[in-house]
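Order-wise, the sequence lines are chains A and B.
If you read the first sequence in our numbering, its first letter stands for residue 1, the second for the next number, and so on.
If you read the second sequence in our numbering, its first letter stands for residue 133, the second for the next number, and so on.
What follows is a single structure, written as structure tokens, with notes after it.
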Amino acid sequence: MAQQQVEVILARHLAENLALPIFIVDPQGNLIFFNEPAEAVLGLRFGDTGLLPASEWSTMFEPVEEDGTPVLPEKLPLMIAMMHGHPAHKGFWIRGVDKKLRQIELTAFPLIGQSGRITAAIAIFWEVSHES
Amino acid sequence: MKVNLWGTRGSLAAPGPETVRYGGNTSCVSIEDPDGSWLILDAGTGIRNLGQNLPSDLKRVDILLTHLHMDHLQGLPFFAPIRSPDIETHIWGPASTMMSLKSRLQRYVSPPLFPVSIRDLSPTLHFHELSFDMFEIGKFCIVSQLVIHPNPTVGYRIKLNDKTVTYIPDHEPMLGAPTFPRSPEWTSGYDLAQGADLLIHDSQYTHTEYDTRLGFGHSNMKQAFEFAEMANVKRFVPFHHDPAHSDDQLDQMITHAVQEVKPGFDVTPGLEGMILNLE
């Protein structure tokens with residue numbers, strides 16, 4: 001198996017040491033890592049899944065708008081970050097593998113390396129709490 | 133090809149009676165093609181002596197810098213060919229996202245840190261910024277890749293005919309590899325080192341020293357051995373010795389790592405002045 005780029009290795013290292021939910025996708029859209037705080041929101045463990053192809057993870061979490069209509073893939077911040085190379089933010093709902101519906105705010109940005117290439121895209125997200 | 137170690141010390145030159153065998157000069161290695169081409173890896177203080185020993189009829193020399201920390205650069209202004217109009221000197225290294233390689237070098241090779249500016253050196257001095265793709269210099273086929281060390285730092289994988297040398301003098305592969313050494317996919321430098329005939333690699337710290345210097349960008353001796361084992365190299369040269377380590381300490385560190393790791397490859401301690409022939 002080929003080695004990940006150093007920028008991606010360091011991004012994972014940072015994610016493993018933060019309390020914010022984070023996940024990382026490679027330029028092909030494969031989900032290559034998510035940290036423990038993300039596991040709690042997504043309802044599954046990275047240790048159980050390992051790398052997830054885009055076709056699997058993009059349908060696994062069922063992103064929907066507030067009215068229940070599906071969020072189009074091209075409107076997802078991670079896809080915007082990867083395809084267009086700029087940061088994006090959106091609030092929406094996801095249904096995790098545990099079938100629980102959660103409202104989240106998600107910011108994604110491309111990880112642009114020294115070479116100027118996009119080596120990955122990173123999503124940082126928050127579950128919206130309605131408690132005051 | 134012939135690989136010559138002109139400086140094996142890391143961080144700071146450390147001459148003296150305690151470091152006679154391993155040497156006191158900082159990082160510099162040459163690779164010589166039997167046809168007469170020379171590659172130089174890093175420009176630590178060892179490069180001064182190398183400059184005195186190049187063939188007098190040499191017309192071109194290429195210096196590959198891994199990064200611009202002082203211990204890899206300090207010998208550059210004292211490398212005789214860069215003051216000679218008769219030899220083309222090509223310097224290859226990483227730019228930063230905001231500054232060119234030449235501008236970054238100029239910060240050191242200019243007053244008040246050095247009396248002469250880099251622009252006043254030989255007109256035959258050329259600068260090349262690495263693109264992190266494979267490139268060729270003569271018959272040498274070279275891959276550069278970023279590795280884990282503070283500030284942009286690369287390692288090199290150099291192939292000539294059917295022999296491969298990997299040079300990663302400053303490297304902390306443990307960082308970011310949670311299950312090191314069992315996760316090559318997540319280990320910096322793995323692609324560079326995989327299957328190399330010769331790996332020259334950072335082994336600066338003892339186990340105890342590493343614990344207090346996590347994130348400094350270096351390996352301890354055992355980690356370096358484990359990295360070499362994971363990459364399935366044929367021969368390993370521990371390199372970039374800490375300036376505080378005496379010859380006797382380095383012998384002990386290497387012996388201890390051999391006992392712990394039981395490597396499946398040859399181990400050749402990195403001694404200044406050593407010549408390795410890869411046939």
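From the three backbone atoms N, C-alpha and C, an ideal C-beta is built for every residue, glycine too.
* Closer than 6 Å by C-beta to F125 (chain A): which residues in its own chain qualify, once you throw out the five before and the five after it? Chain order, please. => P21, I104 and L106
Helix, strand or coil at K75 (chain A) according to DSSP, with G and I counted as helix = Taken through DSSP and simplified to helix, strand or coil, K75 (chain A) comes out as helix.
Under 8 Å by beta carbon: chain A residues contacting V279 (chain B): V6
To be precise: take each residue of the segment 252-265 of chain B, compare its Cβ to all Cβ atoms of chain A, and keep it if any distance is under 9 Å. Which residues remain? L262, S263, F264 and D265
Checklist entry - Does the beta carbon of P226 (chain B) come closer than 8 Å to any beta carbon on chain A? => result yes
With a cut-off of 8 Å, do at least 3 Cβ pairs link the segment 315-331 of chain B to the segment 364-381 of chain B? yes
What residue from B:T221, B:L196 and B:N293 has the CA that sits closest to D167 (chain B)'s CA? B:N293
Three-way DSSP call (helix, strand, coil) for G225 (chain B) in this model = strand
DSSP beta-bridge partners for L253 (chain B)? Beta-bridge pairing links L253 (chain B) to no other residue.
- Message: Nearest by alpha-carbon distance to S276 (chain B): which of A:S129, A:F23, A:Q114 and A:A123 is it?
- Response: Here the closest residue by C-alpha is A:Q114.
Q. Is the CB of A121 (chain A) under 8 Å away from at least one CB in chain B?
A. no
Looking only at C-alpha atoms, which of B:R192, B:L205 and B:R215 sits nearest to A145 (chain B)? B:L205
is_contact[Q114 (chain A), chain B] using C-beta, thresh 8 Å
yes
Quiz item: At a Cβ threshold of 8 Å, is A2 (chain A) touching chain B?
Solution: yes
**Request:** Out of B:H258, B:L278 and B:P255, state which residue places its alpha-carbon closest to the alpha-carbon of M266 (chain B).
**Result:** B:L278
Alpha carbon to alpha carbon, how far is S162 (chain B) from P255 (chain B)? Give it in angstroms, no decimals. 23 Å
Practice prompt. Scan the segment 61-77 of chain A for residues whose Cβ lies nearer than 9 Å to a Cβ of chain B and list them as they occur along the chain.
Written response: Those residues of the segment 61-77 of chain A that come within reach of chain B (Cβ to Cβ, closer than 9 Å) do not exist; the list is empty.
Assign M266 (chain B) to one of three DSSP states: helix, strand, or coil. strand
Exposure of H281 (chain B), with buried meaning 16 or more beta-carbon neighbours within 10 Å: buried
Quick check on L18 (chain A): buried or exposed, where buried means 16 or more other Cβ atoms within 10 Å of its Cβ?
L18 (chain A) is exposed by the Cβ-count criterion.
#### Entry: Burial state of K291 (chain B) (16 or more Cβ within 10 Å)
buried
I need the straight-line Cα distance from P401 (chain B) to L208 (chain B), nearest angstrom please.
25 Å
- Task: Could you tell me how far apart the beta carbons of G43 (chain A) and K90 (chain A) are, in whole angstroms, since I believe they sit closer than 8 Å?
- Result: Between G43 (chain A) and K90 (chain A), the beta carbon gap of about 20 Å keeps them out of contact (Cβ cut-off 8 Å).
- Task: Output the distance between the C-alpha atoms of E358 (chain B) and N352 (chain B), rounded to the nearest integer angstrom.
- Result: 10 Å
- request: For L414 (chain B), count neighbouring Cβ atoms within 10 angstroms of its own Cβ and tell me buried if that reaches 16, exposed if not.
  value: No answer is possible for residue 414 (chain B): it lies beyond the span of chain B, which begins at 133 and ends at 411.
Do you know offhand how far L78 (chain A)'s Cα is from A2 (chain A)'s? 23 Å
### Whether L137 (chain B) touches M385 (chain B) by CB criterion (8 Å)
no
Mapping the DSSP letters down to three states, classify T151 (chain B) as helix, strand or coil. T151 (chain B): helix per DSSP, three-state reduction.
- Item | Run of the alpha helix (DSSP H) containing Y342 (chain B), from where it starts to where it stops | H339 to T344
- [ ] Report the neighbours of E16 (chain A) on chain B: residues whose CB is nearer than 9 Å to its CB, in chain order.
- [x] G308 and P310
Report the CB separation of S320 (chain B) from I32 (chain A) in whole angstroms; it is logged as a contact under 8 Å. The Cβ separation is near 15 Å, so there is no contact.
Next on the checklist: Counting only beta-carbon separations shorter than 8 Å, does L20 (chain A) have a partner in chain B?
Outcome noted: By this cut-off, L20 (chain A) is not an interface position.
Please decide whether Y337 (chain B) counts as near chain A, where near means a Cβ-Cβ distance under 8 Å. no
Give the C-beta separation of D26 (chain A) and A88 (chain A) to the nearest angstrom, bearing in mind that I take them to be a contact with Cβ-Cβ under 8 Å. Not confirmed; about 18 Å, so no contact.
For S320 (chain B), would you say it is in contact with chain A, using Cβ-to-Cβ distances shorter than 8 Å as the test? yes
*asked:* Just to make sure I have the definition right: I need the residues of chain B whose C-beta is within less than 7 Å of the C-beta of H13 (chain A). Which are they?
replied: Simply L307 and G308.
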